[in-house]
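Engineer: Before anything else, here's the structure in question.
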Amino acid sequence: MRTVLIVEDEWAIADWLEVLLSENAFNVLVAGNGREALDILHRDTPDLVLTDFMMPFLDGAGLIAAMRQEERLRSIPVVVMTSLLEHVVRDRAGRFRAYLRKPFREVDLMKVIGEIFPGEA
Amino acid sequence: MSGDNGRFATGVPGLDAILGGGVFDGGIYIIQGAPGAGKTILGNQICFAQAAQGRNALYITLLAESHARMIGHMRRMTFFDEAAIPDRMSYVGAFKTLEDDGLRGLLDVVRREVRTRKASILVLDGLITVHEKARSELELKKFIHELQTQAAFSNCTMFLLTSAFDADAHPPEHTMVDGLIELQTSLHGRRAERSLQVHKLRGTWFMGGKHSYRITDGGHAIYPRVEALLETPSVWDSADGPMVSVGIAGVDKMLGGGVDTHSVTVVLGPSGSGKTTAGLQFLTGGAADEKAMLFGFHENPMALRIKAESLKLPLKARGDKIMLMWRPQTEAVLDEVATELLSSIKQNGVRRLVIDGIEGFSKLTDEKERIGSFLSALCNELRALGVTTLATAETDHAGITPGQPLKGVNQTGLSAVAENIIALHLAALRSENHRLMTILKSRDRRTDMRMRRFEIIDGGIVLDADFQSAERILRDISSQGPQPTPSTDLKLTGE
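If you read the sequences in order, they're chains A and B. Take 1249 as the starting number for the first sequence in this note's numbering and just add one per residue. Take 139 as the starting number for the second sequence in this note's numbering and just add one per residue.
Have a look at this one:
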């Protein structure tokens, strides 16, 4: 079973994603911001990080930068989900696997995950 | 940007005038209102206005709509600037922190985010959630107190948005914050009207009472009550100069040469008596290069142009020197209309103004008691702006009562507004209607107050040279026997 780490400061979105991914047979971890995400990443190694961009304590750009610093975390694919424009996020966060513009539909998310884990989502 | 006195303008049209100039750096303000009152839009509008000035703004949500939806809605607003996000304008959610770590956790988020993002403006959307989460009144007071300390030490001005409002309740936070602004919606018949009221503002004068606002594509547009905003005119009235022609030779003569520059003249009369014609003559009666405007509630610009053409008045020939501004009385708001009128006069340098149907203002509000002071303030401002005004006002078909020729013409409230009052009458004599004119009032002038008969022909109103024909008509009416007692519904005051 694949593990997905959701990093989202809006609890309602985090809850929705947790339910959705659990129903689709993913093991789900949830962090409320980048700092909490790093705490989780120090003890777990998820297969995918789904992260918001604007968050308290540590934002998406900070989280991606911190993950790049660690060999163990560098290869984990990151999907940024945000209402910001893609170029704004890429200018600040550099490379990441995929971009999802909020608000998105369930089908959009599952399509992106399906491209990262072909045949699994 | 922050001013020398440690305060800054919010950038929301009309709000800063009500706040006496703006809010204080490091102050903490509550904005409250029922759902749909526009708190979120106002919060975003203030943030984006400050971001446009190069300041950093932070919007923290608790139990509010999602950031994606909020940003999606804000994108339609003209103040929204995509380029400001996320560096000068950022959104973070803190409900989970509040849920898990309580009020202390939320304070920690605020402290850290304000510092990290160098925010000088913070909006905390959902104070009611903090209220509900607080275990005691004391904990809530401590939260507000710590927030105040943070605001002061970080020089970050904070706006707390909340839907909680009970007119009889006095929540503890109200006594602690620097300002309390309430957004309200009230129903007048089936029409909803929005109003803003500042209940409290520390350290400065503010404009009390309720002020109308609208939510447009540009966000909140707030219209300070005209009689409060213009309690004293915006500039000193330096009325001097030559007398001004009203555009009707016979009336100028009766008035001893015309009306004073910067004065207000009201022309009263029933429908069909020639008020709009008098207005069009006044409009076109100035110098060729003088900017003139007709502002009306009833006849649209096309109808007025056709009327002027049929009367052979040079409206078309004056081109853009004469403006026609039409404002139907549908969903308009009294102070909004007055603000638009005054702005247009200032922008265009208008010196000669016709208000066609001044009673139309009273139909824009259910607060009839305001109208007397509203018109007084408006007319004082027009004088101060160097505008000479002629306003028409409709009365009933009062007719002429022998011995009491002006009975039924309600002038209450007009004296405070107008230097000159001219009354037009329709007098029925057997099968014929005659038009008569009287000058009821002309301030500080020797005036020929005898009634005149007049006609409307090519070129407009033409008065008989003397009062003989008017007197003959009145005598003949008198010999017809008693007339019904006239009445009027003209009310320029709340009486």
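Backbone N, C-alpha and C fix where the C-beta goes; we use that ideal spot for every residue, glycine too.
Quick check: the region 381-394 of chain B against the region 508-518 of chain B, are at least 3 beta-carbon pairs closer than 8 Å?
Structural biologist: Flag = no, the region 508-518 of chain B and the region 381-394 of chain B do not touch.
Engineer: Between A/Ala1341 and chain B, is there a C-beta pair that is closer than 8 Å?
Structural biologist: No, A/Ala1341 lies away from the interface with chain B (no Cβ there is under 8 Å from its Cβ).
Engineer: So, does the region 444-451 of chain B touch the region 333-351 of chain B, judging by three or more C-beta pairs under 8 Å?
Structural biologist: The region 444-451 of chain B, when compared against the region 333-351 of chain B, does not touch it at the 8 Å Cβ threshold.
Engineer: Given this structure, state the Cα-to-Cα distance separating B/Asp225 from A/Trp1264, to the nearest angstrom.
Structural biologist: Each residue's Cα considered, the two are about 28 Å apart.
Engineer: Check the Cβ of A/Gly1282 against every Cβ in chain B and list those closer than 9 Å, keeping chain order.
Structural biologist: Chain B residues near A/Gly1282: none, gap ~11 Å exceeds 9 Å.
Engineer: I want to verify the contact list: residues of chain A whose CB lies under 9 Å from the CB of B/Ser228, in sequence order.
Structural biologist: The contacting residues are Met1302, Asp1307.
Engineer: With burial defined as no fewer than 16 other Cβ atoms inside 10 Å of the residue's Cβ, what is the status of B/Asn571: buried or exposed?
Structural biologist: It counts as exposed.
Engineer: Determine whether the Cβ of A/Ala1258 lies closer than 8 Å to any Cβ atom of chain B.
Structural biologist: In the sequence on display, residue 1258 of chain A carries Glu and not Ala. Yes, A/Glu1258 lies at the interface with chain B (some Cβ there is under 8 Å from its Cβ).
Engineer: If you scan the region 177-249 of chain B from start to end, which runs of the beta strand (DSSP E) of 3 or more residues do you find wholly inside it?
Structural biologist: For the region 177-249 of chain B, whole beta strand (DSSP E) runs of length 3 or above, ordered along the chain, are 195-199, 227-231.
Engineer: Tell me whether the region 197-208 of chain B and the region 312-325 of chain B touch, counting them as touching only if at least three CB pairs, one residue from each stretch, are closer than 8 Å.
Structural biologist: Taking 8 Å as the limit for Cβ pairs, the verdict is that the region 312-325 of chain B does not touch the region 197-208 of chain B.
Engineer: Using a Cβ cut-off of 9 Å, pull out every chain B residue sitting near A/Ile1261, in sequence order please.
Structural biologist: The answer, in chain order, is Ser204, His205, Ala206, Gly231.
Engineer: Do you know offhand how far B/Asp534's Cα is from B/Leu612's?
Structural biologist: C-alpha separation (whole angstroms): 19 Å.
Engineer: To the nearest angstrom, how far is the alpha carbon of A/Ile1361 from that of B/Val247?
Structural biologist: Their Cα atoms are separated by approximately 31 Å.
Engineer: Any beta-carbon of chain A closer than 8 Å to the one on B/Gly210?
Structural biologist: It does: the Cβ of B/Gly210 has a partner Cβ on chain A nearer than 8 Å.
Engineer: Listing by chain order, which chain A residues have their CB less than 9 Å from the CB of B/Arg250?
Structural biologist: Within 9 Å Cβ-Cβ: Pro1304, Phe1305.
Engineer: Roughly how many angstroms separate the alpha carbons of B/Pro543 and B/Gly357, rounded to a whole number?
Structural biologist: Reliability of the predicted coordinates at B/Pro543 is poor, the pLDDT of 47 falling under 50, and the value obtained from them is presented with this limitation in mind. Rounded to the nearest angstrom, the two C-alpha atoms are 53 Å apart.
Engineer: CA-CA distance, B/Glu497 and B/Arg352?
Structural biologist: If you take the alpha carbons of B/Glu497 and B/Arg352, they lie about 23 Å apart.
Engineer: Cα separation between B/Gly192 and B/Ile560?
Structural biologist: Whole-angstrom Cα-Cα distance: 56 Å.
Engineer: Can you list, in chain order, the residues of its chain whose CB lies under 7 Å from that of A/Glu1354, leaving out five sequence neighbours each side?
Structural biologist: Closer than 7 Å at Cβ, skipping near neighbours: Leu1268.
Engineer: The beta strand (DSSP E) spanning B/Phe592 covers which residue range?
Structural biologist: Taken as a continuous stretch (DSSP letters only), the beta strand (DSSP E) holding B/Phe592 covers 590-595.
Engineer: Taking the Cβ atom as the reference point for each residue, do B/Thr422 and B/Arg443 lie within a distance shorter than 8 Å?
Structural biologist: No, the Cβ-Cβ distance between B/Thr422 and B/Arg443 is not below 8 Å.
Engineer: In whole angstroms, what is the alpha-carbon distance linking B/Ile319 and B/Ile595?
Structural biologist: One C-alpha to the other measures close to 57 Å.
Engineer: Under 8 Å between C-beta atoms, does A/Leu1385 make it to chain B?
Structural biologist: This structure does not reach residue 1385 of chain A, given that chain A is present from 1249 up to 1369, and the question cannot be answered.
Engineer: Could you check what DSSP says for A/Gly1308 in three-state terms: helix, strand or coil?
Structural biologist: A/Gly1308 falls in the helix class under three-state DSSP.
Engineer: Whole angstroms are fine: how far does the CA of B/Leu196 sit from the CA of B/Asp263?
Structural biologist: Taking the straight line from one Cα to the other gives about 11 Å.
Engineer: Is there a C-beta anywhere in chain A that falls below 8 Å from the one on B/Asp154?
Structural biologist: No - not a single Cβ of chain A is within 8 Å of the one on B/Asp154.
Engineer: What residues in its chain sit with their C-beta under 6 Å from that of B/Leu578, if we drop five residues either side in the sequence?
Structural biologist: Correct list, in chain order: Ile559, Ala561.
Engineer: Shorter than 8 Å from the beta carbon of B/Glu220 to some beta carbon of chain A?
Structural biologist: Chain A, which has a Cβ nearer than 8 Å to the Cβ of B/Glu220, makes this yes.
Engineer: Could you please tell me which residues of the region 1344-1363 of chain A, in chain order, have their CB closer than 9 Å to any CB of chain B?
Structural biologist: Within the region 1344-1363 of chain A, the qualifying residues are Arg1349, Lys1350, Pro1351, Phe1352.
Engineer: Answer yes or no: do B/Gln288 and B/Val252 have a C-beta to C-beta separation smaller than 8 Å?
Structural biologist: In contact: B/Gln288 and B/Val252 (Cβ atoms closer than 8 Å).
Engineer: Would you decide whether B/Lys256 is buried or exposed? Buried here means 16 or more other CB atoms lie within 10 Å of its CB.
Structural biologist: Exposed, by the Cβ-count rule.
Engineer: Go through the region 376-403 of chain B residue by residue and report every complete run of the alpha helix (DSSP H) that reaches 4 residues or more, in order.
Structural biologist: Counting whole runs of 4 or more residues, the region 376-403 of chain B contains the alpha helix (DSSP H) stretches 387-392.
Engineer: If you drop the 5 nearest sequence neighbours on each side, which residues of the same chain put their C-beta closer than 6 Å to that of B/Gln188?
Structural biologist: Taken in chain order, the residues that qualify are Ala195, Ile259.
Engineer: Answer with buried or exposed for B/Met440, where buried requires no fewer than 16 other C-beta atoms within 10 angstroms of its C-beta.
Structural biologist: Result: exposed.
Engineer: Could one say the Cβ of A/Leu1298 lies closer than 8 Å to chain B's Cβ atoms, at least one of them?
Structural biologist: For A/Leu1298, the answer is no, since every Cβ of chain B falls outside 8 Å of its Cβ.
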